[in-house]
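Asker: If you want this note's numbering, it's the 1-based position in the sequence shown plus 57.
Note that beta-carbon positions come from the ideal geometry of N, C-alpha and C, so glycine has one too.
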Amino acid sequence: MQVVLDDYVVGASFATDLVNTSPRVWVEAGDALRDPQALHDLLDEHGLSPDALRNGRRLTGGELADVQALREEIRSILDAPTSDELVDRTDQLLQTVPHHVRLVPDAQFDYRWNALPDRRIDLTGELTLLIGYSLLGTLRTLGYERFRPCASPTCNGVFVDTSRGGRRRYCMPALCGNRINVANHRQRQRRT
58 MQVVLDDYVV
68 GASFATDLVN
78 TSPRVWVEAG
88 DALRDPQALH
98 DLLDEHGLSP
108 DALRNGRRLT
118 GGELADVQAL
128 REEIRSILDA
138 PTSDELVDRT
148 DQLLQTVPHH
158 VRLVPDAQFD
168 YRWNALPDRR
178 IDLTGELTLL
188 IGYSLLGTLR
198 TLGYERFRPC
208 ASPTCNGVFV
218 DTSRGGRRRY
228 CMPALCGNRI
238 NVANHRQRQR
248 RT
(Lines of atoms letter the chains of each structure in order from A and count residues from 1; the text may use other names and numbers.)
(Lines give C-alpha, C1' and ligand atoms only; values in the text may rest on other atoms or scores of the structure.)
Protein backbone atom coordinates (compact mmCIF):
# COMPACT_ATOMS: atom_id res chain seq x y z
CA MET A 1 0.00 0.00 0.00
CA GLN A 2 1.48 3.31 -1.06
CA VAL A 3 1.03 6.15 1.38
CA VAL A 4 0.46 9.50 -0.34
CA LEU A 5 2.07 12.09 1.91
CA ASP A 6 -0.20 15.01 1.01
CA ASP A 7 -3.39 13.11 1.96
CA TYR A 8 -3.37 12.98 5.75
CA VAL A 9 -7.14 12.84 6.34
CA VAL A 10 -7.70 9.12 5.65
CA GLY A 11 -4.88 8.01 7.93
CA ALA A 12 -5.74 10.46 10.71
CA SER A 13 -9.38 9.38 10.61
CA PHE A 14 -8.35 5.73 10.71
CA ALA A 15 -5.99 6.45 13.63
CA THR A 16 -8.84 8.08 15.55
CA ASP A 17 -11.22 5.19 14.96
CA LEU A 18 -8.56 2.55 15.68
CA VAL A 19 -7.50 4.13 18.99
CA ASN A 20 -11.12 4.48 20.05
CA THR A 21 -11.75 0.72 19.73
CA SER A 22 -9.65 0.25 22.87
CA PRO A 23 -11.02 -1.13 26.15
CA ARG A 24 -9.66 2.09 27.69
CA VAL A 25 -12.42 3.89 25.77
CA TRP A 26 -15.06 1.14 25.87
CA VAL A 27 -14.71 0.55 29.61
CA GLU A 28 -17.97 -1.35 30.08
CA ALA A 29 -18.19 -3.12 26.72
CA GLY A 30 -14.51 -4.05 26.46
CA ASP A 31 -12.38 -4.18 23.32
CA ALA A 32 -14.36 -3.20 20.21
CA LEU A 33 -11.64 -4.86 18.11
CA ARG A 34 -12.49 -8.33 19.42
CA ASP A 35 -11.75 -10.47 16.40
CA PRO A 36 -10.21 -10.35 12.92
CA GLN A 37 -13.62 -9.61 11.39
CA ALA A 38 -13.96 -6.42 13.46
CA LEU A 39 -10.58 -5.26 12.14
CA HIS A 40 -11.58 -6.19 8.58
CA ASP A 41 -14.78 -4.15 8.99
CA LEU A 42 -12.81 -1.15 10.30
CA LEU A 43 -10.46 -1.29 7.32
CA ASP A 44 -13.46 -1.49 4.97
CA GLU A 45 -15.16 1.49 6.66
CA HIS A 46 -12.13 3.58 5.75
CA GLY A 47 -11.74 2.18 2.24
CA LEU A 48 -8.34 0.70 3.06
CA SER A 49 -7.03 -2.21 0.98
CA PRO A 50 -3.64 -3.16 2.41
CA ASP A 51 -1.31 -5.16 0.18
CA ALA A 52 -0.98 -7.71 3.01
CA LEU A 53 -4.64 -8.66 2.43
CA ARG A 54 -4.57 -8.94 -1.36
CA ASN A 55 -6.38 -11.71 -3.18
CA GLY A 56 -9.00 -12.05 -0.47
CA ARG A 57 -6.59 -13.27 2.22
CA ARG A 58 -8.28 -13.21 5.61
CA LEU A 59 -6.84 -11.60 8.72
CA THR A 60 -5.31 -13.84 11.37
CA GLY A 61 -5.46 -13.66 15.15
CA GLY A 62 -1.75 -12.79 15.17
CA GLU A 63 -2.33 -9.83 12.87
CA LEU A 64 -5.17 -8.68 15.11
CA ALA A 65 -2.87 -8.82 18.15
CA ASP A 66 -0.20 -6.84 16.27
CA VAL A 67 -2.72 -4.15 15.29
CA GLN A 68 -4.00 -4.00 18.88
CA ALA A 69 -0.40 -3.37 20.01
CA LEU A 70 -0.03 -0.69 17.32
CA ARG A 71 -3.25 0.87 18.62
CA GLU A 72 -1.58 1.41 22.02
CA GLU A 73 1.47 3.01 20.39
CA ILE A 74 -0.80 5.34 18.42
CA ARG A 75 -2.65 6.24 21.63
CA SER A 76 0.69 7.16 23.20
CA ILE A 77 1.39 9.45 20.25
CA LEU A 78 -2.02 11.11 20.44
CA ASP A 79 -1.53 11.63 24.19
CA ALA A 80 1.84 13.37 23.65
CA PRO A 81 2.00 16.46 25.89
CA THR A 82 3.79 18.63 23.29
CA SER A 83 4.12 18.81 19.53
CA ASP A 84 7.83 17.99 19.79
CA GLU A 85 7.02 14.86 21.77
CA LEU A 86 4.36 13.90 19.21
CA VAL A 87 6.94 14.21 16.42
CA ASP A 88 9.55 12.22 18.36
CA ARG A 89 7.13 9.39 19.16
CA THR A 90 5.87 9.26 15.58
CA ASP A 91 9.40 9.25 14.17
CA GLN A 92 10.35 6.38 16.48
CA LEU A 93 7.34 4.41 15.27
CA LEU A 94 8.08 5.09 11.59
CA GLN A 95 11.67 3.92 12.06
CA THR A 96 10.36 0.42 12.81
CA VAL A 97 9.25 0.00 9.17
CA PRO A 98 11.91 -0.08 6.42
CA HIS A 99 10.69 2.40 3.80
CA HIS A 100 11.69 5.32 1.64
CA VAL A 101 9.98 8.46 0.40
CA ARG A 102 9.80 8.92 -3.34
CA LEU A 103 8.31 11.36 -5.84
CA VAL A 104 5.91 9.25 -7.93
CA PRO A 105 4.06 10.20 -11.16
CA ASP A 106 0.33 10.66 -10.61
CA ALA A 107 -2.57 10.73 -13.09
CA GLN A 108 -4.26 13.78 -11.52
CA PHE A 109 -1.10 15.67 -10.61
CA ASP A 110 2.34 15.71 -12.15
CA TYR A 111 3.96 14.02 -9.14
CA ARG A 112 3.14 13.19 -5.53
CA TRP A 113 5.32 12.26 -2.56
CA ASN A 114 4.70 8.67 -1.48
CA ALA A 115 6.08 6.53 1.33
CA LEU A 116 6.95 3.11 -0.11
CA PRO A 117 8.06 0.05 1.85
CA ASP A 118 11.57 -1.19 1.03
CA ARG A 119 10.31 -4.75 0.93
CA ARG A 120 7.09 -6.65 1.41
CA ILE A 121 5.79 -5.70 4.85
CA ASP A 122 3.00 -7.02 7.02
CA LEU A 123 -0.34 -5.38 7.75
CA THR A 124 0.93 -3.61 10.87
CA GLY A 125 3.82 -2.13 8.90
CA GLU A 126 1.46 -0.80 6.24
CA LEU A 127 -0.83 0.74 8.86
CA THR A 128 2.18 2.20 10.68
CA LEU A 129 3.26 4.06 7.53
CA LEU A 130 -0.27 5.27 6.80
CA ILE A 131 -0.98 6.48 10.32
CA GLY A 132 2.50 7.83 11.07
CA TYR A 133 2.75 10.03 8.01
CA SER A 134 -0.88 11.10 8.37
CA LEU A 135 -0.29 12.28 11.93
CA LEU A 136 2.80 14.22 10.88
CA GLY A 137 0.88 15.69 7.92
CA THR A 138 -1.95 16.77 10.21
CA LEU A 139 0.49 18.35 12.64
CA ARG A 140 2.28 20.26 9.90
CA THR A 141 -0.88 21.39 8.11
CA LEU A 142 -3.36 21.97 10.93
CA GLY A 143 -1.28 22.22 14.09
CA TYR A 144 -0.91 20.45 17.43
CA GLU A 145 -4.19 21.82 18.79
CA ARG A 146 -6.02 19.40 16.45
CA PHE A 147 -4.93 16.45 18.65
CA ARG A 148 -7.47 16.41 21.48
CA PRO A 149 -9.23 14.35 24.13
CA CYS A 150 -12.96 13.85 23.82
CA ALA A 151 -14.98 16.67 25.45
CA SER A 152 -17.44 14.21 26.96
CA PRO A 153 -16.83 13.90 30.72
CA THR A 154 -17.70 10.19 30.57
CA CYS A 155 -15.37 9.29 27.68
CA ASN A 156 -11.68 8.40 27.58
CA GLY A 157 -11.39 8.74 23.81
CA VAL A 158 -9.04 10.94 21.81
CA PHE A 159 -9.16 12.17 18.24
CA VAL A 160 -7.42 14.01 15.45
CA ASP A 161 -9.61 16.85 14.22
CA THR A 162 -9.20 17.13 10.45
CA SER A 163 -12.44 19.08 9.99
CA ARG A 164 -12.31 22.31 8.04
CA GLY A 165 -13.24 24.56 10.95
CA GLY A 166 -11.38 22.62 13.63
CA ARG A 167 -14.33 22.73 16.01
CA ARG A 168 -14.85 19.02 16.56
CA ARG A 169 -15.33 18.24 20.26
CA TYR A 170 -16.02 14.51 20.49
CA CYS A 171 -14.09 11.41 19.50
CA MET A 172 -17.32 9.82 18.24
CA PRO A 173 -19.76 12.68 17.59
CA ALA A 174 -22.73 10.39 16.96
CA LEU A 175 -22.21 8.67 20.31
CA CYS A 176 -20.48 11.07 22.70
CA GLY A 177 -22.08 14.20 21.26
CA ASN A 178 -25.55 12.68 21.38
CA ARG A 179 -25.08 11.55 24.99
CA ILE A 180 -24.20 15.10 26.02
CA ASN A 181 -27.14 16.53 24.07
CA VAL A 182 -29.57 14.06 25.67
CA ALA A 183 -28.19 14.76 29.16
CA ASN A 184 -28.49 18.52 28.61
CA HIS A 185 -32.04 18.12 27.29
CA ARG A 186 -33.08 16.05 30.30
CA GLN A 187 -31.55 18.57 32.67
CA ARG A 188 -33.52 21.39 31.01
CA GLN A 189 -36.71 19.31 31.22
CA ARG A 190 -36.22 18.76 34.96
CA ARG A 191 -35.93 22.52 35.52
CA THR A 192 -39.29 23.23 33.86
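1) Could you tell me which residues DSSP pairs with Asn213 in its beta bridges?
2) Suppose contacts are defined by Cβ-Cβ distances below 8 Å. Is Arg128 in contact with Ser79 by that definition?
3) Could you check how far apart the C-beta atoms of Pro155 and Asp175 are, in whole angstroms? I think they sit under 8 Å.
4) Taking Cβ positions, are Ala172 and Val161 nearer each other than 8 Å?
5) Could you give the C-beta distance for Phe204 and Leu135, rounded to a whole number, given that I count them as a contact under 8 Å?
6) Within this structure, are the beta carbons of Pro107 and Leu99 separated by less than 8 Å?
7) Check the DSSP bridge columns for Pro93 and list the partner residues they point to.
8) Evaluate contact between the stretch 210-230 and the stretch 103-118, counting only Cβ atoms and requiring at least three cross-stretch pairs below 8 Å.
9) What did DSSP end up calling Leu160 once you bin it into helix, strand or coil?
10) Please report how far the alpha carbon of Thr211 lies from the alpha carbon of Gly234, in whole angstroms.
11) Which residue wins for smallest C-alpha separation from Gly68, given the options Gly113, Asn112, Leu186?
12) Got a sec? Which residues, its chain only, sit under 6 Å from Leu75 by beta carbon, not counting five neighbours each side?
13) Using the C-alpha atoms, what's the distance from Arg247 back to Ile178?
14) Within the same chain, show all residues whose beta-carbon is closer than 7 Å to that of Gln125, passing over the 5 residues directly before and after it, in chain order.
15) For Glu183, which residues from the same chain have a beta carbon less than 7 Å from its beta carbon, with the 5 sequence-adjacent residues on both sides left out?
16) So, at 6 Å on beta carbons, what are the nonlocal neighbours of Gly214 in its own chain, with the 5 sequence-adjacent residues on each side left out?
17) Let's test the definition: count the other Cβ atoms within 10 Å of the Cβ of Glu130 and tell me whether it reaches 16, buried, or not, exposed.
18) Return the residue from the list Thr181, Leu180, Thr219 that minimises the CA-CA distance to Thr195.
19) Given Ile188, which residues of its chain have a CB within under 7 Å of its CB, disregarding the five upstream and five downstream residues?
20) Please classify Thr153 as buried or exposed, where buried requires at least 16 neighbouring CB atoms within 10 angstroms.
21) With a Cβ-Cβ cutoff of 8 Å, do Gly118 and Pro93 count as a contact?
Answerer: To lay it out plainly:
1) Per DSSP, none; premise fails for Asn213.
2) yes
3) About 4 Å separates the two Cβ atoms, so the contact holds.
4) no
5) 6 Å
6) Not a contact, by the Cβ cut-off of 8 Å.
7) None; Pro93 has no bridge partner.
8) No: fewer than three Cβ pairs fall under 8 Å.
9) strand
10) 11 Å
11) Leu186
12) Annotation for Leu75: Arg128 place their beta carbon closer than 6 Å to its own, counting only its chain and skipping 5 residues before and after.
13) 57 Å
14) The residues Leu90, in chain order, have a CB closer than 7 Å to that of Gln125 in the same chain once the five nearest residues on each side in sequence are set aside.
15) Met58, Pro107, Asp108, Ala109
16) Asn77, Val82, Cys207, Cys228
17) buried
18) Among Thr181, Leu180, Thr219, the Cα nearest to that of Thr195 belongs to Thr219.
19) Gly68, Phe71, Ala72, Ile131
20) exposed
21) yes
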